[in-house]
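Counting with this note's numbering, you get residues 1287 to 1450 for the letters of the sequence shown.
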Amino acid sequence: MELLNHQQINAKIDRLAMEILERNTAEQELYIIGINNRGLELAERLVSSLRTISEAPIHLWPLTISPATPLDPGPSLTNDVTQLTDKAVLIVDDVANTGRTLFYAMLPLQQVLPKKIEVCVLVDRRHKNWPVYVTYSGMDLSTTIEENVLVTFSGPNGDEATLE
């Protein structure tokens, strides 16, 4: 079942960018960390939208983590985490389900003291088993545990979020 089509996803991304900017107007710069492939794609699109409405420096960093085994080998940032000291950080993923991936994605940030950490997802399923608060969500969705939300970013006309 289709939850969001291409146009709706783009509209959600633009709205999320506005919300992020509104809540971060006092920040000199923003560090956005995109998780794996789809979280990074969403983060790239957010950065693109943010840059059309703000001139503040926005830094995009990829984070690699295995959702199935988040400690093996562990979350990996490609940049020096010490740069995040006293900075505003936004962690981005496509879907928040139990909160486990988002929880472990914060591990590298425990080496420094960021000014604040916020979380942005396109779809928040509200099945949190882990202590993760989603700051920004494009869509909140109540589902059963057995159902799966799949976000596909496939180009100019093919983006979609589906419930399987």
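Ideal Cβ placement from N, Cα and C applies to all residues, glycine included.
- Around the C-beta of residue 1298, 16 or more other C-beta atoms lie within 10 Å, and the residue is accordingly described as buried.
- From the listed residues 1384, 1440, 1400, the smallest Cα separation to residue 1374 is found for 1400.
- Setting aside the 5 residues that flank it on each side, residue 1370 is surrounded in the same chain by 1317, 1395, 1398, 1400, each with a C-beta closer than 7 Å to its C-beta; the list follows chain order.
- By the criterion of a C-beta distance shorter than 7 Å, residue 1388 is surrounded in its chain by 1377, 1379, 1382, 1405, 1418, once the five residues flanking it on both sides are discounted.
- Nearest in C-alpha terms to residue 1355, of all of 1331, 1430, 1391, 1310, is 1391.
- Non-local beta-carbon contacts of residue 1344 in its own chain, meaning distances under 6 Å to residues more than five positions away in sequence, involve 1316, 1333, 1336 in chain order.
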